[in-house]
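Here is the structure we will look at, set down as structure tokens.
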Amino acid sequence: MNSRYFLLIAVSIFFALIMALMPLPFSFEPFRPDWVLLVLMYWSLAVPHRLNIGTAWVVGLLIDLATGSPLGVNSLTYSICIFVTASNFQKIRNFSIWQQAILVGLFLTLYHLMQFWLNHFLMDVYFNPQYLWPVVTGMLSWPWIFLLLRKYRRHFRIR
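Numbering (the working numbering), first residue to last: 15 to 173.
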């Protein structure tokens, strides 16, 4: 039974990885939501005993390898965001979807600022306000991701 749940969650994370790596037109690239982190946040809220910080670390390593970013940057930032989300899942679950979207926006801001700080430290990157556009698009896409993954979880009875 546990391998079935793991496989179903892994399929959703795989589709999020595809969405994160799918090429977009150059003008839309700065607005791409962080699909993988949004899916990881959903699963850490819905079934925190199935998805943990270790899963976020491994998925972050996969993103690092796939995008060519410094190894461990996404792993560390995903792990911190999932730790904050999973440690407060009972409180966050009680909020409405729009209140959750605001909290997800705060977590995405934390993610992007940590990622900027690590990239600035490692590669001497400088801050550009355009760097925070995925926070806005992630906040706006959270209700849709939440509803889609909740329907997926209920259809396949993931507990």
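By construction, the Cβ of each residue, glycine as well, lies at the ideal position given by its N, Cα and C atoms.
Count the other CB atoms within 10 Å of the CB of residue i; is the residue buried (16 or more) or exposed (fewer)?
i: P143; result: exposed
i: R167; result: buried
i: H126; result: buried
i: F109; result: exposed
i: L136; result: exposed
Out of the options, which has the shortest C-alpha to C-alpha gap to residue i?
i: L65; options: N88, A80, L31 and S93; result: S93
i: I116; options: T91, N102, P84 and V149; result: V149
i: L75; options: N88, I67 and H63; result: N88
i: G119; options: A70, T151 and F20; result: T151
i: S155; options: L38, D48, R164 and I32; result: D48
i: V50; options: I27, H63 and P62; result: I27
i: W112; options: P157, P37 and F121; result: P157
i: N133; options: M36, G86 and S17; result: G86
i: D78; options: L90, Y19 and K165; result: L90
i: P84; options: F170, P37, F130 and F103; result: F130
i: K165; options: L22, S17 and N16; result: L22
i: I67; options: G82, R46, F42 and V98; result: V98
For residue i, collect the residues of the same chain with a Cβ closer than 7 Å to its Cβ; drop the 5 residues on either side in sequence, then sort them by chain order.
i: Y56; result: I159, F160 and L163
i: R107; result: L59
i: L35; result: A80
i: L124; result: C95
i: V73; result: I27, V50, L54 and Y92
i: M128; result: T91 and I94
Is it the case that the Cβ atoms of residue i and residue j are separated by a distance below 8 Å?
i: W147; j: P39; result: no
i: I96; j: A70; result: yes
i: V53; j: A30; result: yes
Residues in the same chain with beta-carbon distance under 6 Å from residue i, minus the five sequence neighbours each way, listed in chain order, please.
i: A100; result: S58 and P62
What span of residues does the alpha helix (DSSP H) with residue i cover, start to end?
i: D78; result: I67 to T81
i: R107; result: F103 to R107
i: Y140; result: Here Y140 belongs to no alpha helix (DSSP H), and DSSP marks it neither H nor E.
i: R168; result: W147 to H169
i: V174; result: Outside the shown range of the chain, which is 15 to 173, sits residue 174, and nothing can be said about it.
i: L22; result: N16 to L35
By Cβ distance below 8 Å, which residues in the same chain neighbour residue i in space, the five residues on each side in sequence not counted?
i: M153; result: A115, I116, V118, G119 and L122
i: F141; result: F130 and H134
i: P37; result: none
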